[in-house]
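**Student:** So the sequence shown is residues 319 to 636, counted in the working numbering. Even glycine gets a Cβ: it sits at the ideal position worked out from N, Cα and C. Predicted model only: the values in this text are computed from it and were never measured. This is the structure I want to talk about, given as structure tokens.
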Amino acid sequence: MTEQHSKSLYTKPVFEPMLNKQWIGLGIAYGSYRDNESPDKKSVSSEQDILEDMTILTTNHGISWNLIRMYAADPASEQVLKTIKKHNLPVQVMQGAWLSSTQSDTENEQQISEVIRLANEYKDIVVSVNLGNEIFVDWSAHKLELSDIPQYLNWVKKVKAAVDVPVTLADDYNFWNKPWSQEIAQALDYIVLHAYAMWNSQALENAVPWTEKTYHDIAALHPNKQIVLGESGWATSSVRSNGDEGLIIGEANEEAQKTFFNAYRQWLKDNRIVSFYFQAFDEKWKGGEDKPDAIAEKNWGVFNSDRTPKLVVETASK
319 MTEQHSKSLY TKPVFEPMLN KQWIGLGIAY GSYRDNESPD KKSVSSEQDI
369 LEDMTILTTN HGISWNLIRM YAADPASEQV LKTIKKHNLP VQVMQGAWLS
419 STQSDTENEQ QISEVIRLAN EYKDIVVSVN LGNEIFVDWS AHKLELSDIP
469 QYLNWVKKVK AAVDVPVTLA DDYNFWNKPW SQEIAQALDY IVLHAYAMWN
519 SQALENAVPW TEKTYHDIAA LHPNKQIVLG ESGWATSSVR SNGDEGLIIG
569 EANEEAQKTF FNAYRQWLKD NRIVSFYFQA FDEKWKGGED KPDAIAEKNW
619 GVFNSDRTPK LVVETASK
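Structure, rendered in structure tokens:
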């Protein structure tokens, strides 16, 4: 192992999620929205549906997840937190605040206030706070400007002063490799990195090596920060004519997802890298409800939207 790789693997972590003295760092991204539900509709899933989801994730199919990531400080996320608390479920949460250039200043400030409230009201459940998702990478549809960095740093300072858990930002590797990411990284407790081999035109056989190299490249640029992998996955369907899906060269099917998932998860486990696989369940609202169900955005889950298992979890139970 090179000195550079050694430093990136053994940076002292500040985010080490534990439950009953067991490391639960192999997490998963979770959205509670069922078919015909969406954030645009301001849907709040039922307690019964959320309880079913949490049961599936923590007890089913030979693979369990006790750590989930949620993206917005809103009623939909609070319903999940309430359900976990009410039923004393073995689930911990990285709770996000959804920040966006398409929202008003007031709406962004409300997200900051709400994520502080949720982190403090659900202290036994919320183990980290994430301020923004892909808000600085160039291609983001809700990108903040570089001129917004001082405001962002004020939000980080405000939240860190108000909560007792580590605070971070989740963004793509094509932000974390830029010089202007340095100031933000230093203000955070740790970095959440997004790295999709599939979106970066990698064949299946090179997907995990590419992800590992990207991880180490970012770790070398931020050697005093723990790197958590916040999003990486493999879609089970795609439509090449649909926008950026022309970038996808790897097969998009359940067998390929299984191959990627197993190799990726083993690498994470071997190196004790905290992560959030993308994602738990297919969500049909993603990519636009007017788009066909076959597009990639709707098909990243390890479970279908009707909660039936895909091949990767179906075979893991055997």
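In three-state terms, what does DSSP make of S465?
**Tutor:** helix
**Student:** Touch check for the stretch 499-510 and the stretch 463-475: three-plus C-beta pairs under 8 angstroms?
**Tutor:** A contact between stretches requires three or more CB pairs, one per stretch, nearer than 8 angstroms, and the stretch 499-510 meets this requirement with the stretch 463-475.
**Student:** Between which two residues does the alpha helix (DSSP H) carrying I381 extend?
**Tutor:** Bounds of any alpha helix (DSSP H) do not take in I381, whose DSSP letter is neither H nor E.
**Student:** Beta carbon of Y440, beta carbon of I402: below 9 angstroms?
**Tutor:** yes
**Student:** Output the distance between the C-alpha atoms of K628 and N524, rounded to the nearest integer angstrom.
**Tutor:** 22 angstroms
**Student:** Taking buried to mean at least 16 other C-beta atoms within 10 Å of its own C-beta, is P484 buried or exposed?
**Tutor:** Buried.
**Student:** Consult DSSP for P393 and reduce its assignment to one of helix, strand or coil.
**Tutor:** helix
**Student:** Would you say the stretch 383-394 touches the stretch 410-420, given that touching needs at least three Cβ pairs under 8 angstroms?
**Tutor:** Because the criterion of three Cβ pairs below 8 angstroms is met, the stretch 383-394 and the stretch 410-420 touch.
**Student:** Candidates F596, L436, L375, Y533: which alpha carbon is nearest D392's?
**Tutor:** L436
**Student:** Measure from the alpha carbon of P335 to the alpha carbon of each residue in V445, V362, L464, then state which is nearest.
**Tutor:** V445
**Student:** Is the separation between the beta-carbon of E572 and that of V630 shorter than 9 angstroms?
**Tutor:** A distance below 9 angstroms separates the beta carbons of E572 and V630.
**Student:** In whole angstroms, what separates the C-alpha of H338 from that of D562?
**Tutor:** What sits at residue 338 in the sequence shown is Asn, not His. Approximately 43 angstroms, taken between the alpha carbons.
**Student:** Find out if the Cβ-Cβ distance for the pair G414, A394 is shorter than 9 angstroms.
**Tutor:** no
**Student:** Which class does S499 belong to by DSSP, given the choice of helix, strand or coil?
**Tutor:** helix
**Student:** Could you tell me the alpha carbon to alpha carbon distance between S364 and F599, rounded to whole angstroms?
**Tutor:** 16 angstroms
**Student:** Based on the DSSP output, what are the partners of M336 in its beta bridges?
**Tutor:** Answer is W341, bridged to M336.
**Student:** For the beta strand (DSSP E) containing H512, list its first residue and its last residue.
**Tutor:** Start and end: 508-512.
**Student:** Let me know the secondary structure DSSP gives Y470 once reduced to three states.
**Tutor:** helix
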